[in-house]
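Chemist: I have a structure I would like to understand better, so I am pasting it below and will then ask my questions one at a time.
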Amino acid sequence: MYTSIGETLKSERRARQYNLDFIVERINVPLRALEWIEESNFKAIGSRLYFLRYVRAYTEFMGISYESVESDCEREWELYTLKRARALGIRNGWEVQWSRFSFRYGFMALVLGISFVIAGYLSYQLKFLLGNPRLALNSPSLLATYTVLPFIDIAGNAYDDIRLSINQRPVSVTDRAFQERLYLSPGLNTIKITATNLRGSQTEDVRYVVYTPLINN
Numbered sequence: 088m089y090t091s092i093g094e095t096l097k098s099e100r101r102a103r104q105y106n107l108d109f110i111v112e113r114i115n116v117p118l119r120a121l122e123w124i125e126e127s128n129f130k131a132i133g134s135r136l137y138f139l140r141y142v143r144a145y146t147e148f149m150g151i152s153y154e155s156v157e158s159d160c161e162r163e164w165e166l167y168t169l170k171r172a173r174a175l176g177i178r179n180g181w182e183v184q185w186s187r188f189s190f191r192y193g194f195m196a197l198v199l200g201i202s203f204v205i206a207g208y209l210s211y212q213l214k215f216l217l218g219n220p221r222l223a224l225n226s227p228s229l230l231a232t233y234t235v236l237p238f239i240d241i242a243g244n245a246y247d248d249i250r251l252s253i254n255q256r257p258v259s260v261t262d263r264a265f266q267e268r269l270y271l272s273p274g275l276n277t278i279k280i281t282a283t284n285l286r287g288s289q290t291e292d293v294r295y296v297v298y299t300p301l302i303n304n
């Protein structure tokens, strides 16, 4: 049975007979944030970057290697994002198509096939990234996109002196603008756009694209 990172940290804390107040006094993390991590309350945390930052501080204090749990943290946040997108789609009466997809380590679940607009998504993320590279993604404009085309164009603007990559592949920026065409695999495609400045600080944006090829009769 899968144990979440929050449950793991909570169990380890209780085994050492620590309370949260004791930990908060020693690390730069709000008390409520530790409670949200232990409860896997991603909605309350709000930001993926804050979630990863808080978990790193918590695990390092407990003597647990952050690298050993980093992939689990990424997977838990990605699953939360997909569930949130599904709930929004159903609540607004939009057609949502789901198919099977696999997570790392063989974890299987249902995949989102939805097309919906989240106005202000980028600005919502940027408010947690003051001092980080500025990245504006114009296309695709949706958090989740459903398409029958075998490719999608990634375009936007990147500011300041940065290095830009899409799914860890370097992308050139000309006059603060970039555009790259990605070819898709059938099913769920996760696209990560990362801007890194000279200090090593990063801004990351994520898009999900579900590609369903047309079947010719």
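Residue 88 is where the sequence shown starts when you use my numbering, and the numbers rise one by one after that. Cβ coordinates follow ideal geometry from the N, Cα and C atoms, glycine included.
1. Taking the beta strand (DSSP E) that residue 240 falls in, what are its first and last residues?
2. Rounded to whole angstroms, what is the Cα-Cα separation between residue 219 and residue 289?
3. DSSP has residue 267 in a bridge; who is on the other side?
4. Residue 258 and residue 251 - do their beta-carbons sit closer together than 8 Å?
5. Using C-beta distances below 8 Å, list every residue in its chain close to residue 248, excluding the 5 sequence neighbours before and after it, in chain order.
6. Rounded C-beta distance between residue 240 and residue 226? I'm assuming under 8 Å.
7. When the distance is taken between beta carbons, is residue 148 closer than 8 Å to residue 114?
8. Just to confirm, are residue 280 and residue 292 a CB contact at a threshold of 8 Å?
9. With residue 292 as the anchor, note down where its beta strand (DSSP E) starts and where it stops.
10. Give me the residue from 296, 94 and 130 with the minimum Cα distance to residue 277.
11. For residue 151, which of helix, strand or coil comes out of DSSP?
12. Taking its Cβ as the centre, do 16 or more other Cβ atoms sit within 10 Å of residue 106, making it buried, or is it exposed?
13. Between which two residues does the beta strand (DSSP E) holding residue 258 run?
14. Where does the unbroken alpha helix (DSSP H) through residue 274 begin, and where does it stop?
15. Excluding the 5 residues flanking residue 76 on each side, which residues of the same chain have their C-beta closer than 6 Å to its C-beta?
16. Based on the DSSP secondary-structure assignment, which residues constitute the bridge partners of residue 226?
17. Start and end of the beta strand (DSSP E) containing residue 251?
18. Can you tell me the Cβ-Cβ gap for residue 299 and residue 273, rounded? I've got them flagged as a contact below 8 Å.
19. Using 8 Å for Cβ pairs, my map puts residue 245 next to residue 282. What's the rounded Cβ distance?
20. Using only the alpha-carbon positions, how far apart do residue 124 and residue 230 sit?
Modeler: Quick answer:
1. 238-245
2. 6 Å
3. 241
4. yes
5. 284 and 285
6. 6 Å
7. yes
8. yes
9. 289-298
10. 296
11. coil
12. exposed
13. 256-258
14. Careful: residue 274 lies outside any alpha helix (DSSP H), inside the beta strand (DSSP E) at 274-284.
15. The structure shown has nothing for residue 76, since the chain only spans 88 to 304.
16. 242
17. 249-253
18. 7 Å
19. 5 Å
20. 24 Å
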